[in-house]
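In terms of the numbering used here, the first sequence is numbered consecutively and its last residue is 683.
See structure below.
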Amino acid sequence: MKPARTRIAPSPTGDPHVGTAYVALFNFALARKTGGAFVLRIEDTDRVRSNEASERMIFESLRWLGLEWDEGPDVGGPYGPYRQSERTAIYREHVERLIEAGAAYPCFCTKERLDALREEQRRSKSSVMGYDGHCRSIPPEEAARRRAAGEPHVIRLAMPEEGEIVVRDLLRGEIAFDAATIDDQILLKSDGYPTYHLANVVDDHLMEITHVIRAEEWISSLPKHVRLYEAFGWEPPVFCHLPLLRNADRSKISKRKNPVSLTFYRRAGFLPEALLNYLALMGWAMPDERDEFTLEEFVEAFDPERISLGGPVFDLEKLIWLNGRYLRNLEPGDWVERLRSEILPDSYLREVAALVRERVDTLGDFMAYAAFFFTTGVEYDEAARARLVVKGRTPPQSAKLLRTLLEEVLDPLLEWNAETVEAALRGFCEARELRPKELFMPVRVAVTGRAATPPLFETMAVLGRELCRHRLRRAIEVLRTMK
RNA sequence: GACCCCGUCGUCUAGCCAGGUCUAGGACACCGGCCUUUCACGCCGGCAACACGGGUUCAAAUCCCGUCGGGGUCGCCA
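In structure tokens, the structure reads:
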């Protein structure tokens with residue numbers, strides 16, 4: 201097989217996702233197997249949600265897993281820059297080429313009109329969804345004049361109005377779409393940044409990516425991508441859509457139903473090699489069917505054609521079993537080393553000590569008092585369960601309240617520290633007309649399993665977002681089944 | 001709703017493309033046993049699936065068609 205150039209192209213919004221690691225693993229394997237290159241490209245074209253902290257966490261997580269990249273924003277390479285926000289001139293130039301060729305056009309429709317259109321389509325249960333091509337009929341000269349006059353606009357891809365668009369997926373073969381059912385995708389947003397579709401195609405071509413291995417959710421936009429390659433006159437890469445990781449109910453994996461943050465797995469003491477091994481088992485099996493193997497062995501045996509297509513349910517229990525196997529196979533010294541570096545690093549001990557110091561009288565009491573800082577989950581005994589309930593509410597109502605707090609207030613937090621957590625909790629109390637103390641005890645117990653702890657916000661900050669969310673989810677479950 | 005993808009034990013999968021070797025194999029979970037001062041590990045055994053209906057064929061989990069079921073997409077998010 202010829203050397204393949206593959207890439208992982210995460211968007212730095214929020215915590216690095218287990219799905220990113222999954223897709224990265226397969227891209228990594230093909231690149232290594234063929235002696236090609238594995239590229240990391242940061243797709244930070246969403247100006248509102250992208251942030252630097254998230255980008256750093258992506259680097260850290262992928263490195264932790266051992267999925268080292270050959271080219272990327274931090275290591276450079278011959279096809280840079282590898283951060284899309286630094287490539288906007290390239291996209292604009294390419295978009296002009298499309299406009300000149302008549303393959304794209306400016307659209308002046310307002311957000312309001314598009315919202316109304318969408319609403320109407322939804323309401324009337326219309327079979328055609330998406331943009332109606334309203335601005336497509338504007339004569340090019342007029343459009344150019346309005347653009348020059350500074351009228352806000354986006355650039356859309358002009359899809360063929362009829363005919364079939366046939367695309368090819370390495371695992372599924374040919375897939376045919378009716379061109380008439382595909383709307384004119386926005387390529388350039390009104391802020392001048394490209395959408396995924398444009399940036400992705402342009403970069404994959406310019407970076408000479410040979411195999412686009414990504415998640416199945418992209419299949420429906422494949423015709424748009426293929427049309428773009430055609431409009432540019434470029435040879436498309438090989439497309440290979442991996443099955444989507446699933447929740448137990450078979451919906452696309454989500455943080456609401458599963459821990460999806462790589463940070464969580466690291467924090468909970470999973471070994472990177474075990475997580476990788478488990479991920480490889482999702483949709484793939486060794487020719488000899490053994491289910492324990494190293495990354496090197498995976499790469500050696502890798503063959504994309506062996507990937508199975510059923511959406512695999514992410515089963516934490518099997519991951520835990522596998523992790524246990526890996527842990528037991530560690531040399532005693534190595535075992536202690538991992539414990540020290542992942543669960544008991546000095547930096548963490550210092551943070552915990554700062555909170556616990558004045559609350560214990562002997563060092564011997566430390567662990568008993570601070571145990572919850574070092575475990576993944578916590579137990580709720582009968583007394584704790586009682587305090588999980590918000591005053592004046594039933595357990596199910598309390599569950600609902602905590603769920604809202606988690607999903608609408610805590611999850612959207614861009615930064616997680618004592619100040620932001622405090623502001624979020626207090627804001628929630630105000631909005632819900634709750635007295636702080638009525639909410640804080642249930643949250644405290646949910647997050648620590650105890651009624652007596654160091655100050656809540658500092659405690660939550662030190663525990664970290666992932667452990668807090670994990671325990672809150674568990675507490676919500678417990679509340680639901682009470683009485 | 002429209003379009004697209006998928007469909008082997010509860011879960012991850014092997015087998016399917018090149019139909020017989022499949023009374024469908026392995027792993028997790030579960031159950032039972034052995035080991036053991038306890039727990040865990042480990043070992044042994046057990047339970048458990050080709051979604052359904054038609055067709056092709058001497059023969060179908062494997063090929064074809066339909067049905068049903070599940071999922072994804074339909075954002076100036078990626």
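C-beta atoms are modelled at their ideal positions from N, C-alpha and C, and glycine is treated no differently.
Worksheet item: Should Glu-260 and Pro-216 be called a contact, given that it needs their Cβ atoms to be closer than 9 angstroms?
Response: Taking 9 angstroms as the Cβ cut-off, Glu-260 and Pro-216 qualify as a contacting pair.
Discussion item. On the criterion of 16 or more Cβ atoms from any shown chain inside 10 Å, does Arg-313 qualify as buried, or is it exposed?
Written reply: Exposed, since its Cβ has fewer than 16 Cβ neighbours within 10 Å.
Practice prompt. Could you name the residues of the same chain whose beta carbon sits closer than 8 angstroms to that of Ala-702, not counting the 5 residues immediately before and after it, in chain order?
Written response: The structure shown does not extend to residue 702, since the chain is modelled only from 201 through 683, so no value can be given for it.
Discussion item. Here's the rule I'm using: 16 or more other beta-carbon atoms within 10 Å means buried, otherwise exposed. How should Val-412 be labelled?
Written reply: buried
Item to complete: With DSSP as the reference, label Leu-267 as helix, strand or coil.
Response: In the structure shown, Leu-267 sits in coil (DSSP, three-state: anything other than H, G, I, E or B).
Worksheet item: By Cβ distance below 6 angstroms, which residues in the same chain neighbour Ile-365 in space, the five residues on each side in sequence not counted?
Response: These residues qualify, in order along the chain: Phe-377, Ala-379, Pro-423.
Worksheet item: Applying the criterion that 16 or more other CB atoms from any shown protein chain within 10 Å of the CB defines a buried residue, is Thr-381 buried or exposed?
Response: It counts as exposed.
Worksheet item: What is the rounded straight-line gap between the Cα of Ser-327 and the Cα of Arg-256?
Response: 43 angstroms
Worksheet item: Quick one: Cα of Lys-438 to Cα of Ile-453, how far?
Response: The identity of residue 438 in the sequence shown is Val, whereas the question assumes Lys. If you take the alpha carbons of Val-438 and Ile-453, they lie about 26 angstroms apart.
Practice prompt. Can you tell me which of Asp-611, Asp-561, Leu-495, Gly-483 puts its alpha carbon nearest to the alpha carbon of Leu-471?
Written response: Leu-495
Worksheet item: In angstroms, rounded to a whole number, what distance separates the CA positions of Thr-206 and Arg-466?
Response: 26 angstroms
Worksheet entry | Burial state of Met-329, where buried means 16 or more other Cβ atoms lie within 10 Å | When all chains shown are included, Met-329 counts as exposed.
Worksheet item: Which word fits Ser-541, buried or exposed, when buried means at least 16 other C-beta atoms lie within 10 angstroms of its C-beta?
Response: Ser-541 counts as exposed, since fewer than 16 other beta carbons sit within 10 angstroms of its beta carbon.
Worksheet item: By DSSP, does Lys-455 sit in helix, in strand, or in coil?
Response: coil
Worksheet entry | Between the CA atoms of Pro-273 and Gly-592 - distance to the nearest angstrom | 53 angstroms
Fill in: Top-ranked residue by Cα proximity to Val-426, from Ala-661, His-397, Ala-448, His-441
His-397
Worksheet item: Quick one: what does DSSP say Thr-381 is sitting in, helix, strand or coil?
Response: helix
Fill in: Three-state secondary structure (DSSP) of Ile-543
helix
Item to complete: Could you have a look at Phe-439 and say whether DSSP puts it in helix, strand or coil?
Response: strand
Worksheet entry | Inter-residue spacing [alpha-carbon to alpha-carbon] between Leu-610 and Val-513 | 27 angstroms
Worksheet entry | Every unbroken alpha helix (DSSP H) inside the region 451-496 [4 residues or more] | 462-467, 472-480
Worksheet item: By Cβ distance, which residues of its chain are closer than 7 angstroms to Ser-421, with the 5 residues on each side in sequence left out?
Response: His-397
Worksheet item: Hey, how far is the Cα of Cys-668 from the Cα of Glu-615?
Response: In a straight line, the C-alpha of Cys-668 is about 14 angstroms away from that of Glu-615.
Practice prompt. Would you kindly report the start and end of the unbroken beta strand (DSSP E) that includes Leu-388?
Written response: 386-388
Fill in: Rounded distance between the beta-carbons of Tyr-282 and Glu-408, thought under 8 angstroms
Their Cβ separation, rounded to whole angstroms, is 13 angstroms, which puts Glu-408 and Tyr-282 out of contact at 8 angstroms.
Discussion item. Bridge partners for Pro-360 per DSSP, in chain order?
Written reply: The partner list for Pro-360 (beta bridge, DSSP) is empty, contrary to what the question assumes.
Worksheet entry | Reduced DSSP secondary structure (H/G/I, E/B, other) of Glu-353 | Note that residue 353 corresponds to His in the displayed sequence, not to Glu. Per DSSP, reduced to three states, the secondary structure at His-353 is coil, with no helix or strand assignment.
Fill in: Coarse secondary structure for Phe-640, derived from DSSP in three states
helix
Fill in: Asp-565 to Thr-463 span [Cα, whole Å]
29 angstroms
Discussion item. I'd like the list of long-range same chain contacts for Leu-196, defined as Cβ closer than 7 angstroms, with 5 residues on each side in sequence excluded.
Written reply: No statement about residue 196 is possible, as the shown extent of the chain runs from 201 to 683 and does not include it.
Worksheet item: For Ala-448, does the three-state DSSP call read helix, strand or coil?
Response: Note: Ala-448 maps to coil in three-state DSSP.
Discussion item. Which residues does DSSP list as the beta-bridge partners of Ile-365?
Written reply: Phe-377
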